[in-house]
Ligand code: GLN
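Residue numbers (this note's numbering): 59 to 594.
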């Protein structure tokens with residue numbers, strides 16, 4: 059059977075949780091044993107997310123195949139428990155560059171190349187080919203941005219055209235605010251949103267309404283009237299305990315039955331086991347009566363929590379598996395300018411995480427935080443940049459090399475403990491050229507934290523970096539007491555380092571990217587376990 063499509067658009071503003079809605083729709087269809095895959099369209103002209111600032115855009119997510127994609131992919135993977143590939147990501151830049159390449163090749167000789175039909179057909183062909191190659195039953199297409207934006211107008215038009223030839227279900231996410239002085243749910247913004255969508259030639263089949271509380275019956279009725287829909291197609295998307303509850307909320311509102319009927323799927327049964335498994339994930343992610351574990355995350359994009367969403371999720375997955383309540387203390391590294399600052403912010407931490415990052419801002423604050431954790435025996439987890447800075451801190455404060463640094467931050471230092479990978483030296487273009495995607499590593503020592511955490515010798519995690527631990531300093535660091543517990547299979551790059559005196563582990567990878575609610579990342583489990591032992 060040919061694949062069916064669900065197109066999810068958003069009205070009025072970003073931040074309503076379109077990625078969570080798409081993930082939840084995929085999850086409930088997956089419970090019916092349908093093969094469902096996402097496509098995310100982002101309107102910006104970047105070719106991919108790799109060159110974007112996480113402070114503005116949220117974290118850059120990395121796939122096994124090295125695709126640098128939007129943070130929504132993290133939510134998709136966590137809900138579906140599937141490894142996706144970069145074919146699911148379309149950006150304005152990618153689609154424009156392919157059309158221009160074709161034009162230069164002469165594919166459109168004699169024609170003037172236009173947004174429609176050329177660009178819109180290019181998009182439709184891409185989507186149909188993707189669905190066919192992947193043998194998907196349903197492809198859920200998330201349209202980034204909001205209806206009415208300049209950036210996604212041609213894509214929304216392509217979706218309208220797609221619906222002329224294929225079965226497409228349109229789902230629109232909108233917002234129903236409450237004005238606090240009146241305390242009343244207001245529908246006017248959504249009415250305007252619906253009108254904008256209709257102006258684009260699209261009538262939604264489902265209207266999902268983000269609101270603080272569930273929608274009142276009279277509000278549903280009003281919105282149904284303006285959207286020309288039955289009231290059961292106005293779906294309430296109210297605040298829940300955690301995002302994993304949303305698929306269950308959709309099931310309660312019969313969204314599964316509506317979608318299956320609209321898309322023409324007959325005879326598919328809800329897999330009770332899959333539902334049960336999901337319900338226990340949703341329950342497990344709600345704060346339990348277990349003891350609290352205070353985890354400090356020392357980063358530099360702290361104002362926008364989305365910059366570290368996978369780290370935060372991984373902490374939650376591991377904590378819930380261990381029946382403890384994580385309390386995250388976000389610490390802005392640039393505000394750590396003295397040891398006193400560090401002690402003030404980190405006191406009472408059961409564990410400290412130094413996440414990944416780029417550029418020199420906040421680096422010295424992070425190094426001071428590592429020193430504080432090491433000296434006070436607070437469990438520490440260093441992720442990518444965090445691991446690199448653990449090595450720098452160790453070289454400076456244990457091995458006595460005062461000017462130890464990474465050449466990313468100090469080109470002139472004599473002691474480049476962290477240096478550009480040899481394969482990176484000749485790289486000129488910044489986009490898509492880091493060491494990206496899933497790479498295998500070999501754990502060298504059975505008595506390491508790493509081996510205990512993974513329980514096996516060969517592991518695979520996702521990477522995104524240009525710099526590495528400089529092999530010239532391996533001996534010096536080891537002589538000083540640092541353990542190098544894993545390297546690449548060929549032994550050329552250091553992958554994991556550990557302290558010996560207390561719990562401290564740094565990985566060149568990003569294990570947070572593979573953490574799933576039902577399969578917490580091994581290093582996070584190990585770290586949270588150590589942190590929770592520290593609270594006793
Ligand atoms: N900036 C460092 C590098 O390029 C670390 C990257 C990261 O933390 N993802 O190697």
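Ideal placement from N, C-alpha and C gives every residue a C-beta, glycine not left out. Predicted model, so just to flag it, every value in this text is computed and none were measured.
{"Check": "Is residue 570 a contact residue of the ligand GLN, with contact defined as CB to any heavy atom under 8 Å?", "Outcome": "no"}
{"Check": "Do the region 205-219 and the region 169-189 touch if we need at least three Cβ pairs shorter than 8 Å?", "Outcome": "yes"}
{"Check": "Can you tell me the Cα-Cα spacing of residue 129 and residue 72, whole angstroms?", "Outcome": "14 Å"}
{"Check": "If you count every other CB in all the chains shown that lies within 10 Å of the CB of residue 270, and 16 or more means buried, which is it?", "Outcome": "exposed"}
{"Check": "Going by alpha carbons, who is nearest to residue 544 out of 164, 571, 534 and 515?", "Outcome": "515"}
{"Check": "Classify residue 472: buried if its beta carbon has 16 or more other beta carbons within 10 angstroms, exposed otherwise.", "Outcome": "exposed"}
{"Check": "Could you check where the alpha helix (DSSP H) with residue 81 kicks off and where it finishes?", "Outcome": "76-88"}
{"Check": "Identify whether residue 541 lies in helix, strand or coil by the three-state DSSP scheme.", "Outcome": "strand"}
{"Check": "Is it buried or exposed for residue 304, if we count other Cβ within 10 angstroms and need 16 for buried?", "Outcome": "buried"}
{"Check": "Give the C-beta separation of residue 326 and residue 91 to the nearest angstrom, bearing in mind that I take them to be a contact with Cβ-Cβ under 8 Å.", "Outcome": "7 Å"}
{"Check": "Compare the beta carbon distance of residue 96 and residue 234 with 9 Å and say whether it is the shorter of the two.", "Outcome": "no"}
{"Check": "Less than 6 Å between C-beta atoms, sequence neighbours within five positions excluded: which residues of the same chain meet that for residue 375?", "Outcome": "573, 575 and 578"}
{"Check": "For residue 429, I'd like the list of residues in its chain whose CB is within less than 6 Å of its CB, leaving aside the five on either flank, ordered along the chain.", "Outcome": "451 and 455"}
{"Check": "Who are the near neighbours of residue 511 in its chain, counting only those whose CB is closer than 6 Å to its CB and skipping five residues on each side?", "Outcome": "580, 581 and 584"}
{"Check": "Following a CB-centred definition, is residue 414 positioned closer than 8 Å to any heavy atom of the ligand GLN?", "Outcome": "yes"}
{"Check": "Quick check: what's the CA-CA separation for residue 203 versus residue 509?", "Outcome": "43 Å"}
{"Check": "For the alpha helix (DSSP H) containing residue 253, name the first residue and the last one.", "Outcome": "246-257"}
{"Check": "By the DSSP assignment, the alpha helix (DSSP H) with residue 307 in it spans what residues?", "Outcome": "304-310"}
{"Check": "Just to confirm, is the Cβ distance from residue 196 to residue 93 under 9 Å?", "Outcome": "yes"}
{"Check": "Go to residue 590, then tell me how far its alpha helix (DSSP H) extends in each direction, as first and last residue.", "Outcome": "580-592"}
{"Check": "How far does the alpha helix (DSSP H) with residue 283 in it reach, from first residue to last?", "Outcome": "275-285"}
{"Check": "Go ahead and pull the three-state DSSP assignment for residue 367.", "Outcome": "helix"}
{"Check": "Do three or more CB pairs link the region 474-492 to the region 513-529 at distances below 8 Å?", "Outcome": "yes"}
{"Check": "For residue 260, I'd like the list of residues in its chain whose CB is within less than 6 Å of its CB, leaving aside the five on either flank, ordered along the chain.", "Outcome": "218 and 228"}
{"Check": "Please check the pair residue 147 and residue 125, which I expect to be a contact at CB under 8 Å, by giving their CB distance rounded to whole angstroms.", "Outcome": "6 Å"}
{"Check": "Which one or two residues does DSSP pair with residue 98 in a beta bridge?", "Outcome": "147 and 200"}
{"Check": "Look at residue 440 and residue 357 and say whether their C-beta atoms are less than 9 Å apart.", "Outcome": "no"}
{"Check": "When you compare only the Cα positions, how much space is there between residue 316 and residue 309?", "Outcome": "10 Å"}
{"Check": "Suppose you measure from the CA of residue 418 to the CA of residue 467; what does that come to, to the nearest Å?", "Outcome": "5 Å"}
{"Check": "Would you mind stating whether residue 363 and residue 336 have Cβ atoms separated by less than 9 Å?", "Outcome": "no"}
{"Check": "Should residue 463 be labelled buried (16 or more other beta-carbon atoms within 10 Å of its own) or exposed?", "Outcome": "buried"}
{"Check": "Got a sec: does the ligand GLN put a non-hydrogen atom nearer than 8 Å to the Cβ of residue 442?", "Outcome": "yes"}
{"Check": "Closest to residue 498 by C-alpha separation, out of 507, 245, 553 and 445, would be which residue?", "Outcome": "553"}
{"Check": "Alpha helix (DSSP H) containing residue 425: first to last residue?", "Outcome": "421-433"}
{"Check": "Below 7 Å CB to CB, which residues in the same chain sit around residue 209 once its five sequence neighbours on both sides are set aside?", "Outcome": "101, 102, 150 and 203"}
{"Check": "How would you write the range of the beta strand (DSSP E) that residue 231 sits in, first residue to last?", "Outcome": "226-233"}
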